[in-house]
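Structure first, commentary second.
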Amino acid sequence: MTAKIVLFICLILPWFTLFFASSRTIKRFMPVTIFTCFLMTIIFQIAYIYNWWVIEEYIVPWGYMTDVSFAYGIFAVGTFWIFRITSHNFLLYTVVNLIMDIVMSFIILPLLSLLGVAKYKNITFWQYALVIYGLSFVIYVYHKWQKKIFSTD
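Using my numbering, the letters of the sequence shown map in sequence onto residues -17 to 135.
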């Protein structure tokens, strides 16, 4: 029961932080947030096929494949805020992402394992950190491309 509460909090609570952002900021960074959700869904599908981890507790019927609370909650909104704060400086963006990815890989996910939410199987903490850190470069390029498209209007 505790794990499900944590999962619901991770899905819903981060979205309430968007009340602290202007509508202009939300419009500016929501495309990269949605793109990140899409990419995380793909990563979760790959992880399911290659048995990188096992999701043991979930809040939606397809949650055994995609951790909805992570992919569409805390990770998505976290991406929004990281872009809001750091997108103007690539070096700052990469350093913040590296720190956040290491915290996620070596602190948060082991805690989720203790709660019985998920556990690593065929991927190490370092490999997971590298996967999501690599993802940060893909979404940065996407954001710059989107920014260029919308600035011409």
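Ideal Cβ placement from N, Cα and C applies to all residues, glycine included.
Could you tell me whether the Cβ atoms of residue i and residue j are closer together than 8 Å?
i: T61; j: T23; result: no
i: L(-5); j: V99; result: no
i: Y124; j: F17; result: yes
i: F11; j: F65; result: yes
i: S51; j: L(-7); result: yes
i: Y30; j: M47; result: yes
i: Q128; j: P13; result: yes
i: I86; j: I105; result: Just to set this straight, residue 86 is Met in the shown sequence, not Ile. Against a cut-off of 8 Å, the Cβ pair of I105 and M86 comes out as no contact.
i: T(-16); j: V59; result: no
My understanding is that residue i touches residue j, with C-beta atoms under 8 Å, so please give their C-beta distance in whole angstroms.
i: L21; j: I121; result: 7 Å
i: K103; j: W34; result: 6 Å
i: K126; j: E39; result: Rounded, the Cβ-Cβ distance is 37 Å, inconsistent with contact.
Starting from residue i, trace the beta strand (DSSP E) both ways and give me its first and last residue.
i: A100; result: 100 to 102
Going by DSSP in three states, residue i sits in which element: helix, strand or coil?
i: V36; result: strand
i: W44; result: coil
i: D49; result: coil
i: I105; result: coil
i: S69; result: coil
Going by CA-CA distance only, name the one from the options that's closest to residue i.
i: T41; options: W35, N33, I28, G55; result: According to the sequence displayed, residue 41 carries Ile and not Thr. Minimum Cα distance to I41 is reached at G55.
i: F72; options: S118, W(-3), F(-2), A53; result: S118
i: F57; options: I(-13), I(-9), K126, A(-15); result: I(-9)
i: T7; options: W63, W(-3), I37, C19; result: W63
i: C19; options: A53, M82, S4; result: A53
i: L97; options: I37, F107, I28; result: I37
i: G116; options: I90, L93, N79; result: N79
i: D49; options: S69, T68, I67, I28; result: I28
From which residue to which residue does the alpha helix (DSSP H) around residue i run?
i: A3; result: Run containing A3: none; DSSP gives neither H nor E here.
i: Y75; result: 72 to 85
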